[in-house]
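Numbering (our numbering), first residue to last: 2 to 205.
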């Protein structure tokens, strides 16, 4: 289910392609250094430092790396939830207990994802998280996020709202992906902060 309107969609597609092309030019060293910096910045955030449960995701390809952060959270005793993509693009959740708890899953012709291999906890499990890490390709000065275009996290955000849940919403990006403006719809919900290798920017 995507809420993107016909006017914004071409603009979003064009922007998304440009940001993803830039990511694909990063070297393995760039990716490793960024992932280490992102983990350090995120772990220092008060919201993350005090979290008992964090809903996250496993980065793939040239996405800002999350595995170092996931392992650090686990080492602190934090419960880490990871998404599993459902056929309708909604997300179920499972627990991350280390690299052995992941399975590589291909969804149709799309990219392979690393998903939790263990028991499924249901789509509502995310409502128990203190922090939710949202994937994206850009965020603007209002805190509005440009996602990957599948609509899965629109559903997550709607589910949080319906449950009256108010976790900290964070997006991990590269520095150049914090921009002045991204196309948005009235329903789009801003994130609380963006974490980049060089720092943290809060929006509210």
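Heads up, the beta-carbon is just placed ideally off N, CA and C, and yes, glycines get one too.
Cβ contact annotation for residue 197 (same chain, cutoff 7 Å, sequence separation greater than five): 174, 175, 176, 179, in chain order. Note on the stretch 91 to 148: whole beta strand (DSSP E) runs with a minimum of 3 residues are 92 to 97, 103 to 107, 113 to 117, 132 to 135, in chain order. By the neighbour-count definition (other C-beta atoms within 10 Å, threshold 16), residue 113 is an exposed residue. By the Cβ-count criterion, residue 60 is buried, with 16 or more other Cβ atoms from all chains shown falling within 10 Å of its own Cβ. Contact check for residue 83 and residue 57: beta-carbon distance about 6 Å, within the 8 Å limit, so the pair qualifies. The C-alpha of residue 121 is placed about 15 Å away from the C-alpha of residue 88. Close CB contacts of residue 149 within its chain, under the 8 Å cut and outside five residues either way in sequence, are with 17, 136, 137, 138 (chain order).
Within the DSSP secondary-structure output, residue 168 pairs in no beta bridge. Contact between residue 116 and residue 106 is confirmed by a C-beta separation of about 5 Å, below the 8 Å threshold. Note on geometry: alpha-carbon atoms of residue 132 and residue 26 lie some 30 Å from one another. By alpha-carbon distance to residue 66, the top candidate from 92, 45, 140, 29 is 29.
Residue range 54 to 56 is occupied by the beta strand (DSSP E) that includes residue 56. In this chain, the beta strand (DSSP E) harbouring residue 84 covers 80 to 86. For the 9 Å CB-CB criterion, residue 193 and residue 204 form a contact. Around the CB of residue 195, 16 or more other CB atoms lie within 10 Å, so the residue is classed as buried. Using a 10 angstroms sphere on the CB of residue 144, the tally of other CB atoms reaches 16 or more, which defines it as buried. Between residue 166 and residue 140, the C-beta gap is not smaller than 9 Å, which leaves the two residues out of contact. When the alpha-carbon of residue 108 is set against those of 102, 191, 151, 161, the nearest one is in 151.
Ranked by Cα distance from residue 39, the options 64, 19, 100 are led by 64. By the CB criterion at 9 Å, residue 45 and residue 81 fall outside the cutoff. Annotation: the stretch 25 to 73 contains the following complete segments of the beta strand (DSSP E) (minimum length 3 residues), in chain order: 54 to 56.
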